[in-house]
Each structure stands twice: as structure tokens, then as C-alpha cells.
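The block underneath contains the structure these notes are about, expressed in C-alpha cells.
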Amino acid sequence: MWALSLQVCALEHVLVNNDGRPQKLSGEVVAEDSVGSLLLATDEGGLWQVQANMIRSRTSDDAAMVPLDKGQLSQRLLAEMGPGFQVHESKHYVVVFNTTRTYAKWCSSLLERLQNAFIAFWKKKGSPVRQPEHPLAVLVFGDKASYMRHAKAELGEAAGNAIGYYSLQTNRIVMYDLTGMQALRRQNSRRGSLHDITALLSHPEAEPLVATIVHEATHQIAFNCGLQKRFVDNPVWLGEGLAMFFETPDLASRRSWSGIGNINHMRWGRFQDNFSAGKVGTLKSLIVDDSRIRNPRTAVDLYAESWAWTYFLVKWYPKEYTAYLKTLAAKPLLTPDDKHTRLADFQAHFGENLEALQDEFYRRMSRLR
Ligand SMILES: [Zn+2]
């Protein structure tokens, strides 16, 4: 049983044993259980779940936690990443990189446009979103090998073969320079200037790669602007559907972002193939059961279902969808819901009759072109 911490004005210093390596964490305890496991919020926006048996020592003082500003976050990240890394700061992001500065700038420009468009989109739908309180951290490695070393150290085998990820714990996104990928290199292709990078990453074969960055960046924004909350019972389909809804990048314009809510052809094509093969599950199972979307063998199919349902709900039930997100964000920390509660929350917003909703879904979605 987790209890919210009442002592919000104390800074806790915890020395943890992280797979044999000592790690110092400082922050505010936002939740604590009866045996001393903690959820610790750090000054850079991290949220660390520390099991009691990982804690070697723990002290506290009554200093108030002050969130890091961009300059302080830059210094923190540079010190952590070591020699060879540089920093590029933009309005809302701190990008620490060991590839070219031009690529770091390309990333921050993409993310700034995404963040502006994301917040404007949800504001227009009546959602109480706000600019993130913390500058958002982005690590960009120059090549895949060094990225994989970092990802494996942080995620273990779960690092898989992804080209980037967002960590709920560190609140950072981590990726590598896509323009170095063999699959994208062309004879005589250069990768120096901003123009070259944009040209290279606008090719159709780069689209799924850029979409991955946008996907991870969307998770980061959603959890930092008040739309979603970390460490509550977030149904997996919902968070993933939300990220995929924004996945359709618009690289044509350097200023705006018109790709929101476009049909995500990669996901929609997959859904249609699965539908023809009789492989699409019910809405109910999507809502109550996270196991198929977490299973690497079935994940891609469930992602397609999650995209389709998100598209349908955001397009035809926007008020209900934003109210549903608000309900989920207000849930207690670290408290998984049972299937009954999952279902009841969904039905409270979208109606009792899931079969009727499903019929409407198929009727409307069959007209998508
Ligand atoms: Zn995701």
C-alpha cells in the first residue's frame, strides 16, 4: 500500500544500489510504502521508483527542492555523459549530443514544433494542458553502438532494437543520429547542413525512423504537460495510441506541424490486414488486458488496434476522450486497477454499450481513405 508523502518540503538524499553500482539520488518523496520503498521526484523531473532493499543509506534535510533551469540541467547532463559531449539549448529542450551540432539543432527544432502543436491541439479540445515545468532532456548519440551501450545499461535486455526511447524514470529521451544509418546513406549524399539532414530524413524510407523519434517525444510531452501522469494505472493501449496519433511527422514546413491526426498508414494498413485475417481483438480486451500489447510477438498488432481506436475516439468523441484522460491522470500513484475498474472508467466516459461503440467504429473506420 502506497501513501502520499505529507512532508513535501524536505529534500531526501538516498544512496541506492543500482545493479551493484552505487547511485546517489536527491529529491522529494512523493510516495512511500510501509516497508520504505519510495517514489522520488528529482530536481530534473525524474521520478525514481526505489525499492526498500535497494537503499543503502538515506538522509534528509529541510531544504526545498528547486527545479533545475536549462543551464543547470545542461551542466548536469554534460558532467554525467563525460568527454566528447556538447550541449544545445532551445526554448524547451536541452539536447546533449556527441554528433554534429547541426543534427542536435535539427532535433530540437523538430521537438519544439511538435511540443507547440501538441499543446495547442489539446488546449483546443478543452484539456487543461500547460507548458512543461522542467526543461526536457534529450540525449543524442552519434552512432548506434554507443546508443545501444547506454540503452542496455539503463533498460537491460528490454533495450531491444529500438532506435530511441523515453524513460519514465529519468524523464529523458535517448536516441542516435539517424543520418549515419547505412540504409539512408546514398552515393554522394552529404549529411552536413540542415538542408542536407532535412532532405535525407524526408525520404520515404526515413519516415518510420523519424516517426519513432516523434513517438518517443510525444510520450515525454504528454507526461510533462499534464495530459498524462507517470506511475498511475495508464492502460498501455491509451498511451501508445496517443503517441501514434502524433507519429505522422510533417517535415515539409520548418515552422508549423500539420501532421496531427493524419491517417497513420503504417498502423492502419496493419490493422486492415489483421482484420481481413480475423486477427483483431475486441475493444473490451484492448481496455482490460495489457498482456498482448506487452508481448513482443503480438505488440505490433495491438499497436495497430490502439492507433485505430485512438483515431476513432479523438475524431468522433473528443470531449469524452479528453475527460477520460483527465480521470486517468487523477488516479492514485503506483496502484494498478483491476479489470473491472478499467472497464468502468472507460464506460463512464464512452457509454455502457461497448458492442454498439464497436459497430460504430467499424462503420466509420471502413470509410477511411
Ligand atoms: Zn510508445
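Its first residue numbered 950, the sequence shown is counted upward by one per residue in this note's numbering. Where a beta carbon is used, it is the ideal one built from N, C-alpha and C, also for glycine.
Requested in this report: Could you tell me whether the region 1001-1015 touches the region 1045-1062, where touching means 3 or more Cβ pairs closer than 8 Å?
Outcome: no
Requested in this report: Out of Ile1162, Tyr1311, Ala1086, point me to the one whose CA is closest to His1041's CA.
Outcome: In the sequence shown, counting from the first residue as 1, residue 1041 sits at position 92. Nearest of Ile1162, Tyr1311, Ala1086 to His1041, Cα basis: Ala1086.
Requested in this report: Report whether the distance from the Cβ of Ala1100 to the nearest heavy atom of ligand 1 is below 7 Å.
Outcome: Counted from its first residue, the sequence shown places residue 1100 at position 151. No; taking the cut-off as 7 Å, the Cβ of Ala1100 has no heavy atom of ligand 1 nearer than that.
Report task. Consider the Cβ of Gly1091: report whether some Cβ of chain C lies at a distance smaller than 8 Å. Result -> The chain inventory of the structure shown lacks chain C, comprising one protein chain alone.
**Report entry** Ser975 vs Glu961 beta-carbon contact at 8 Å
**Finding:** As a working mapping, residue 975 is identified with position 26 in the sequence shown. As a working mapping, residue 961 is identified with position 12 in the sequence shown. Contact flag set, yes.
Query - Distance cut 7 Å, beta-carbon to ligand 1 heavy atom: residue list by chain order - result: His1164, Glu1165, His1168, Gly1188, Glu1189, Ala1192
Query - At least 3 beta-carbon pairs within less than 8 Å: the region 1069-1088 vs the region 1116-1124 - result: yes
Query raised in the report: Short check: CB of Phe1220 to CB of Gly1210, under 8 Å?
Result: The count along the sequence shown starts at 1 and reaches residue 1220 at position 271. The count along the sequence shown starts at 1 and reaches residue 1210 at position 261. No, these two residues do not count as a Cβ contact at 8 Å.
Query - Beta-carbon proximity of Asn966 to Arg1005, cut-off 8 Å - result: For the purposes of this step, residue 966 is taken as residue 17 along the sequence shown, with counting starting at 1. For the purposes of this step, residue 1005 is taken as residue 56 along the sequence shown, with counting starting at 1. The answer is yes: Cβ separation under 8 Å.
Query raised in the report: For Tyr1115, which residues from the same chain have a beta carbon less than 6 Å from its beta carbon, with the 5 sequence-adjacent residues on both sides left out?
Result: By one-based count along the sequence shown, residue 1115 stands at place 166. Around Tyr1115: Ile1122, Glu1165, His1168, Gln1169.
**Report entry** Sequence-distant residues of its chain with Cβ nearer than 6 Å to Ala1272 (five each side left out)
**Finding:** The count along the sequence shown starts at 1 and reaches residue 1272 at position 323. Cβ neighbours of Ala1272 beyond the five flanking positions: His1298.
Query - Endpoints, beta strand (DSSP E) assigned at Arg1007 - result: Position 58 of the sequence shown, counted from the start, is the residue given in the question as residue 1007. Arg1007 -> beta strand (DSSP E) spans 1004-1010.
Report task. Pair every Cβ in the region 1217-1235 with every Cβ in the region 1302-1315, then say whether three or more of these pairs are closer than 8 Å. Result -> yes
Requested in this report: Mind listing, in chain order, the continuous alpha helix (DSSP H) runs of no fewer than 4 residues lying wholly within the region 1019-1067?
Outcome: 1019-1030
Report task. Determine the contact status of Trp1258 and Trp1186, defining contact as a CB-CB distance below 8 Å. Result -> Within the sequence shown, numbered from 1, the residue matching residue 1258 stands at position 309. Within the sequence shown, numbered from 1, the residue matching residue 1186 stands at position 237. Going by C-beta atoms, Trp1258 is nearer than 8 Å to Trp1186.
Requested in this report: Alpha carbon to alpha carbon, how far is Ser1058 from Gln1319? Give it in angstroms, no decimals.
Outcome: A query on residue 1319 cannot be resolved here, the shown segment of the chain reaching from 950 to 1318 and no further.
Report task. Buried or exposed for Ala1253, please, with buried defined as at least 16 other CB atoms from any protein chain shown within 10 angstroms of its CB. Result -> Within the sequence shown, numbered from 1, the residue matching residue 1253 stands at position 304. Burial call: buried.
Query raised in the report: Apart from the five residues on each side of it in sequence, which residues of its chain come closer than 7 Å, Cβ to Cβ, to Leu1283?
Result: Numbered from 1 along the sequence shown, position 334 holds the residue referred to as residue 1283. Only Trp951, Ala980, Leu988, Phe1180 meet the Cβ criterion.
Query - Val1275, DSSP secondary structure in three states - result: Here residue 1275 corresponds to residue number 326 of the sequence shown, with the count starting at 1. It is Lys, not Val, that sits at residue 1275 in the sequence shown. If DSSP states are grouped into helix, strand and coil, Lys1275 belongs with the helices.
Query raised in the report: Is Pro1153 buried or exposed, if buried means 16 or more other CB atoms sit within 10 Å of its CB?
Result: Taking the first residue of the sequence shown as 1, we reach residue 1153 at position 204. By the 10 Å Cβ count, Pro1153 comes out exposed.
Report task. Out of Leu1104, Glu1269, Val1237, Val1263, state which residue places its alpha-carbon closest to the alpha-carbon of Asp1287. Result -> Position 338 of the sequence shown holds residue 1287. Out of Leu1104, Glu1269, Val1237, Val1263, Val1237 has the C-alpha closest to the C-alpha of Asp1287.
Query - CA nearest to the CA of Asn1055, picked from Leu1143, Gln1118, Ala1171, His1099 - result: Residue mapping note: residue 1055 aligns to position 106 of the sequence shown, counting from 1. According to the sequence displayed, residue 1055 carries Trp and not Asn. For Trp1055, the nearest C-alpha among the options comes from Leu1143.
Query raised in the report: Cα separation between Gly985 and Gln1307?
Result: In the sequence shown, counting from the first residue as 1, residue 985 sits at position 36. In the sequence shown, counting from the first residue as 1, residue 1307 sits at position 358. Using only the alpha carbons, I get a separation of about 45 Å.
Report task. Please go through the same chain and pick out, in chain order, the residues whose beta-carbon is closer than 8 Å to the beta-carbon of Asn1065, but skip the five residues on each side of it. Result -> Numbered from 1 along the sequence shown, position 116 holds the residue referred to as residue 1065. Only Trp1206 meet the Cβ criterion.
Query raised in the report: Could you give the residue range of the beta strand (DSSP E) that holds Thr1167?
Result: Translated into positions along the sequence shown, residue 1167 becomes position 218. Note, Thr1167: premise wrong, no beta strand (DSSP E); alpha helix (DSSP H) at 1156-1173.
Query raised in the report: Below 8 Å between beta carbons: does that hold for Leu1063 and Val1043?
Result: In the sequence shown, counting from the first residue as 1, residue 1063 sits at position 114. In the sequence shown, counting from the first residue as 1, residue 1043 sits at position 94. Going by C-beta atoms, Leu1063 is not nearer than 8 Å to Val1043.
Query - Buried versus exposed call for Arg1079 [16 or more other C-beta atoms within 10 Å across all chains shown] - result: As a working mapping, residue 1079 is identified with position 130 in the sequence shown. Exposed, by the Cβ-count rule.
**Report entry** Unbroken beta strand (DSSP E) run spanning Leu1292, endpoints
**Finding:** As a position in the sequence shown, residue 1292 is number 343, starting the count at 1. Per DSSP, Leu1292 belongs to no beta strand (DSSP E); it is in the alpha helix (DSSP H), 1288-1299.
Requested in this report: Check each candidate in Asp1239, Val1159, Asn1110 and name the one with the smallest Cα separation from Thr1128.
Outcome: Here residue 1128 is taken as the residue at index 179 of the sequence shown, counted from 1. Here the closest residue by C-alpha is Val1159.
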